[in-house]
Amino acid sequence: MRRPRGEPGPRALRPTEGATCAGPGESWSPSPNSMLRVLLSAQASAARLSGLLLLPPIQPFCLGPSKWGDRPPGGGPHAGPVRGLQRLLEQARSPGELLRWLGQNPTKVRAHHYPVALRRLGQLLGSQPQPPPVEQATLQDLSQLIIRNCPSFDIHTIHVCLHLAVLLGFPADGPLVCALEREQRFRLPPKPPPPLQPVLRGGQRLEAALSSPHFLRHPRQHLIRSLAEARPEELTPHVMVLLAQHLARHRLREPQLLEAIAYFLVVQEAQLNSKVVQKLVLPFGRLNYFPQEQQFMPCLERILAREAGVAPLATVNILMSLCQLRCLPFRALHFVFSPGFINHISGTPHAPIVRRYLSLLDTAVELELPGYRGPRLPRKQQVPIFPQPLTTDRARSKYSHKDIVAEGLRQLLGEEKYHQDLTVPPGYCTDFLLCVSSSGAVLPVRTQDPFLPYPPRSCPRGQAASQPTTRDPAQRVVLMLRERWHFCRDGRVLLGSRALRERHLGLLGYQLLPAPQPCS
Numbered sequence: 001m002r003r004p005r006g007e008p009g010p011r012a013l014r015p016t017e018g019a020t021c022a023g024p025g026e027s028w029s030p031s032p033n034s035m036l037r038v039l040l041s042a043q044a045s046a047a048r049l050s051g052l053l054l055l056p057p058i059q060p061f062c063l064g065p066s067k068w069g070d071r072p073p074g075g076g077p078h079a080g081p082v083r084g085l086q087r088l089l090e091q092a093r094s095p096g097e098l099l100r101w102l103g104q105n106p107t108k109v110r111a112h113h114y115p116v117a118l119r120r121l122g123q124l125l126g127s128q129p130q131p132p133p134v135e136q137a138t139l140q141d142l143s144q145l146i147i148r149n150c151p152s153f154d155i156h157t158i159h160v161c162l163h164l165a166v167l168l169g170f171p172a173d174g175p176l177v178c179a180l181e182r183e184q185r186f187r188l189p190p191k192p193p194p195p196l197q198p199v200l201r202g203g204q205r206l207e208a209a210l211s212s213p214h215f216l217r218h219p220r221q222h223l224i225r226s227l228a229e230a231r232p233e234e235l236t237p238h239v240m241v242l243l244a245q246h247l248a249r250h251r252l253r254e255p256q257l258l259e260a261i262a263y264f265l266v267v268q269e270a271q272l273n274s275k276v277v278q279k280l281v282l283p284f285g286r287l288n289y290f291p292q293e294q295q296f297m298p299c300l301e302r303i304l305a306r307e308a309g310v311a312p313l314a315t316v317n318i319l320m321s322l323c324q325l326r327c328l329p330f331r332a333l334h335f336v337f338s339p340g341f342i343n344h345i346s347g348t349p350h351a352p353i354v355r356r357y358l359s360l361l362d363t364a365v366e367l368e369l370p371g372y373r374g375p376r377l378p379r380k381q382q383v384p385i386f387p388q389p390l391t392t393d394r395a396r397s398k399y400s401h402k403d404i405v406a407e408g409l410r411q412l413l414g415e416e417k418y419h420q421d422l423t424v425p426p427g428y429c430t431d432f433l434l435c436v437s438s439s440g441a442v443l444p445v446r447t448q449d450p451f452l453p454y455p456p457r458s459c460p461r462g463q464a465a466s467q468p469t470t471r472d473p474a475q476r477v478v479l480m481l482r483e484r485w486h487f488c489r490d491g492r493v494l495l496g497s498r499a500l501r502e503r504h505l506g507l508l509g510y511q512l513l514p515a516p517q518p519c520s
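The letter at position 460 of the sequence shown is residue 460 when you use the UniProt record's numbering, and the numbering goes up by one with no holes.
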């Protein structure tokens, strides 16, 4: 296309002319070429323009249909002229020529032509050692064209134009960027208003926080503060159970919170049944924490005496937590080992788990309570305590170092000199078990009985095996893994179940050797 005869050509404005420079993010300067000089001279503009030049060429109709009635390729009488205009824009040799093609062909201009023009403008300014002069009105006219027509752009065209305008350094508070951002907001679907939050107080706030699946995002101090701000009547058994379950589930050994639970247990003793108490006591055993509250054990002994026959499973669960803390009350043991209690639970749905827990309690009596003279679990009722790796170990096996340790043992000793995941009487699963001679040599496992006797031979049944002896000179060494989930969240204290297992294996006569953590 040629410029109509008689039309005055644009007067060239040299870079020395114009007003004060305005960089990206500053207000619009009276002289637009000053902004472009900043783009060409500043260090940051090189990255902008290089990003601009790396943008792929914009194809016609690639931006989707718009209100201007764009048609698919080959689908209308104007397809040829529309493509021709895009080629002219892509081949323009100056900013003034770009503006001329857009202004003189209003019937052929489509929405996608404006991103093409902006991209070509960036190429002209960034790809030549001496950029072409820019007339003062050129950028303003181009901006006005886009501002006037952007209400008819689709959302993708607006995105592209806004991105290119920012790369070119148009001010963030200038008319072009503001207009494009405004249209962008209009195109976005409205956000639904947030639901009205009920006004929560004291214990309600604590209960809502503990029930939230995103509770881990809340700082612990926030929880402690909410607990301190709650009035006594707002700390209901339900709230305290939620707190206890949260501490146990996430291995949070927080003394202030655990002491608060212990105090609540003592104060509310008369109103609590064993089903609630078993949940309140759970974190103490799991986190291996004995509270400083002096009435903690007397309170539990009274509750067990009152509730033992009402809820058998809850009673055994409470005793399991106390077993991890090494403070089993004799009176409660007399009750759960009585023939009447054992016969009562035999026909219930939870009989298998109760028998396993009673077997562990009987082992604790054998190894840790030399003064107990009451009834015991009959041998025919005993079952292996933990014949398999603990549930947490099975669930997180893909994060475990066990395979690495096993491979190291195989290479150092050979497969015939260690057992892996072997269950030893009375039912503890060991990570790795080795037989070591008195001289320190590791013996082949097929030549040695890997098990130590249970009950230990050093003392008759009913006495603690504090220093078990054996006629076999070979030592049984248990190589124990120490994974991060075997500890409380602070990483220093073993969980109650792990500490109980290691304590009993040691009392049985096994030598315990923690496996070093492989370097990660």
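In this text, a Cβ means the ideal position worked out from N, Cα and C, and glycines have one as well.
Discussion item. Taking the straight line between their C-alpha atoms, what separation do you get for V310 and R476?
Written reply: Here residue 310 refers to the residue found at position 310 when the sequence shown is read from its first residue. Here residue 476 refers to the residue found at position 476 when the sequence shown is read from its first residue. Their Cα atoms are separated by approximately 43 Å.
Fill in: Where the beta strand (DSSP E) through V267 begins and ends
Mapped onto the sequence shown, residue 267 falls at position 267. No beta strand (DSSP E) holds V267; the alpha helix (DSSP H) holding it covers P255 to V267.
Practice prompt. Please report the residue range of the beta strand (DSSP E) in which Q511 lies.
Written response: To locate residue 511, count along the sequence shown from 1; it is residue 511. Q511 to P514 is the span of the beta strand (DSSP E), which, as asked, contains Q511.
Item to complete: In the DSSP assignment, find the unbroken alpha helix (DSSP H) run with L164 in it and report its ends.
Response: Within the sequence shown, numbered from 1, the residue matching residue 164 stands at position 164. It spans I155 to L168 - the alpha helix (DSSP H) in which L164 sits, taken as one unbroken run.
Worksheet entry | Three-state secondary structure (DSSP) of Y428 | For the purposes of this step, residue 428 is taken as residue 428 along the sequence shown, with counting starting at 1. It is a strand residue.
Practice prompt. Go ahead and label K398 buried or exposed: buried means 16 or more other beta carbons lie within 10 angstroms of its beta carbon, across all protein chains shown.
Written response: In the sequence shown, the residue the question calls residue 398 occupies position 398. With fewer than 16 other Cβ atoms within 10 Å, it is exposed.
Worksheet item: Going by the beta-carbon positions, is the gap between V116 and Q86 smaller than 8 Å?
Response: Translated into positions along the sequence shown, residue 116 becomes position 116. Translated into positions along the sequence shown, residue 86 becomes position 86. Yes. Within cutoff.
Discussion item. Tell me the rounded alpha-carbon separation between Y443 and A270.
Written reply: Taking the first residue of the sequence shown as position 1, residue 443 is located at position 443. Taking the first residue of the sequence shown as position 1, residue 270 is located at position 270. Residue identity differs from the one stated: residue 443 is Leu in this sequence, not Tyr. Answer to the nearest angstrom: the Cα atoms are 59 Å apart.
Discussion item. With the cut-off set at 8 Å, would you say N273 and E307 are in Cβ contact?
Written reply: As a first step, residue 273 is located in the sequence shown; it is residue number 273 there, counting from the start. As a first step, residue 307 is located in the sequence shown; it is residue number 307 there, counting from the start. Yes. Within cutoff.
Practice prompt. Kindly indicate which residue of P453, L168, T157 and G169 has the alpha-carbon position closest to the one of E183.
Written response: Along the sequence shown, read from residue 1 onward, the residue named residue 183 stands at position 183. Of P453, L168, T157 and G169, the residue nearest in Cα terms is T157.
Practice prompt. Count the other C-beta atoms from every protein chain shown that fall within 10 angstroms of the C-beta of A179, then say buried if there are 16 or more, exposed otherwise.
Written response: As a first step, residue 179 must be located in the sequence shown, where it is residue number 179. A179 is buried by the Cβ-count criterion.
Worksheet item: With a Cβ-Cβ cutoff of 8 Å, do R110 and A92 count as a contact?
Response: Within the sequence shown, residue 110 is the residue found at index 110, counting from 1. Within the sequence shown, residue 92 is the residue found at index 92, counting from 1. Against a cut-off of 8 Å, the Cβ pair of A92 and R110 comes out as no contact.
Discussion item. Can you tell me where the beta strand (DSSP E) holding R476 begins and where it ends?
Written reply: Against the sequence shown, residue 476 aligns to sequence position 476. R476 -> beta strand (DSSP E) spans Q475 to M480.
Item to complete: Return the chain-ordered list of same chain residues with a C-beta closer than 6 Å to the C-beta of Q278, the five sequence neighbours on each side being excluded.
Response: One-based indexing of the sequence shown puts residue 278 at position 278. Excluding sequence neighbours, Q278 sits near A314, N317 and I318.
Worksheet item: Counting only runs that start and end within the UniProt domain "FAST kinase-like protein subdomain 2" (355-444), where is the alpha helix (DSSP H) found for 4 or more residues in a row?
Response: 391-395 and 402-412
Practice prompt. Within its chain, find whatever has a CB closer than 7 Å to the CB of A262; leave out the 5 residues flanking it on each side and keep chain order.
Written response: Working through the sequence shown from its first residue, we reach residue 262 at position 262. So the list reads P291, E293 and F296, once near-sequence residues are dropped.
Item to complete: Reducing DSSP to helix, strand and coil, say where F487 ends up.
Response: Here residue 487 refers to the residue found at position 487 when the sequence shown is read from its first residue. It is a strand residue.
Worksheet item: What's the C-alpha gap between A515 and H334?
Response: Taking the first residue of the sequence shown as position 1, residue 515 is located at position 515. Taking the first residue of the sequence shown as position 1, residue 334 is located at position 334. Near 39 Å, if we compare the C-alpha coordinates of H334 and A515.
Practice prompt. Less than 8 Å between the CB atoms is what I'm expecting for residue 540 and C435, so what's the real figure, rounded?
Written response: There is no way to answer for residue 540, as the model of the chain reaches only from 1 to 520.
Discussion item. Let me make sure I understand the geometry here. Which of A499, L494 and D154 has the alpha-carbon closest to that of H112?
Written reply: The count along the sequence shown starts at 1 and reaches residue 112 at position 112. Checking every option, the nearest Cα to that of H112 belongs to D154.
Discussion item. With distance defined between alpha-carbon atoms, name the residue in Q511, Q144, P375 and L422 nearest to G440.
Written reply: As a first step, residue 440 must be located in the sequence shown, where it is residue number 440. Per the Cα distances, Q511.
Discussion item. Please classify E254 as buried or exposed, where buried requires at least 16 other C-beta atoms within 10 Å of its C-beta.
Written reply: The sequence position of residue 254 within the sequence shown is 254, counting from 1. E254 comes out buried.
Practice prompt. Tell me, please, whether the region 377-385 touches the region 487-496 by the rule of three or more beta-carbon pairs shorter than 8 Å.
Written response: no
Item to complete: From the DSSP output, read off the bridge partner residues of L142.
Response: One-based indexing of the sequence shown puts residue 142 at position 142. In the DSSP output, where bridge partners are listed per residue, L142 has none listed.
Worksheet entry | 8 Å CB neighbourhood of M354 in its chain, flanking five on each side removed | On the sequence shown, residue 354 is found 354 positions in, with the first residue counted as 1. The residue you asked about is not Met; residue 354 is Val in the sequence shown. Here the set comprises P312, L313, V316, I345 and T348.
Discussion item. Check for me: the alpha helix (DSSP H) holding K279 runs from which residue to which?
Written reply: Numbered from its first residue, the sequence shown carries residue 279 at position 279. Start and end: S274 to R286.
Practice prompt. Report the three-state DSSP secondary structure of L505 (helix, strand or coil).
Written response: Translated into the one-based positions of the sequence shown, residue 505 becomes position 505. Note: L505 maps to helix in three-state DSSP.
Worksheet item: With DSSP run on the structure shown, which of helix, strand or coil describes A44?
Response: Locating residue 44 in the sequence shown gives position 44, where the first residue counts as 1. Confidence is the limiting factor: at A44 the pLDDT is only 37, short of 50, which leaves the residue's position unreliable and the question unanswerable from this model.
Item to complete: Just confirm the distance between the C-beta atoms of L265 and V241, as a whole number of angstroms; I'd bet it's less than 8 Å.
Response: Taking the sequence shown and counting its residues from 1, one reaches residue 265 at position 265. Taking the sequence shown and counting its residues from 1, one reaches residue 241 at position 241. L265 to V241, Cβ: 11 Å. No contact.
Item to complete: Look up L494 in the DSSP assignment and give the residues it is bridged to.
Response: Here residue 494 is taken as the residue at index 494 of the sequence shown, counted from 1. According to DSSP, L494 bridges with F487.
Discussion item. Among H250, A244 and R249, whose alpha-carbon lies nearest the alpha-carbon of E259?
Written reply: To locate residue 259, count along the sequence shown from 1; it is residue 259. Residue A244 is the option with its Cα nearest to E259.
Item to complete: Would you check if the distance between the CB atom of F341 and the CB atom of R376 is smaller than 8 Å?
Response: Against the sequence shown, residue 341 aligns to sequence position 341. Against the sequence shown, residue 376 aligns to sequence position 376. No, Cβ-Cβ distance for F341 and R376 is not below 8 Å.
Discussion item. Assuming the contact rule is C-beta atoms closer than 8 Å, L481 and H350 should be a hit. Round their C-beta distance to whole Å, please.
Written reply: The residue you call residue 481 lines up with position 481 of the sequence shown. The residue you call residue 350 lines up with position 350 of the sequence shown. No, L481 and H350 are not in contact; Cβ-Cβ is about 31 Å, not under 8 Å.
Discussion item. Just to confirm the assignment, what range does the alpha helix (DSSP H) spanning A244 have?
Written reply: On the sequence shown, position 244 is the one that residue 244 refers to. It spans P237 to R249 - the alpha helix (DSSP H) in which A244 sits, taken as one unbroken run.
Worksheet item: Which runs of the alpha helix (DSSP H) spanning at least 4 residues fall entirely within the UniProt domain "FAST kinase leucine-rich" (278-345), listed in chain order?
Response: 296-307, 312-324 and 330-336
Discussion item. Between the alpha carbons of E415 and V478, how many angstroms are there, rounded?
Written reply: Translated into positions along the sequence shown, residue 415 becomes position 415. Translated into positions along the sequence shown, residue 478 becomes position 478. Whole-angstrom Cα-Cα distance: 16 Å.
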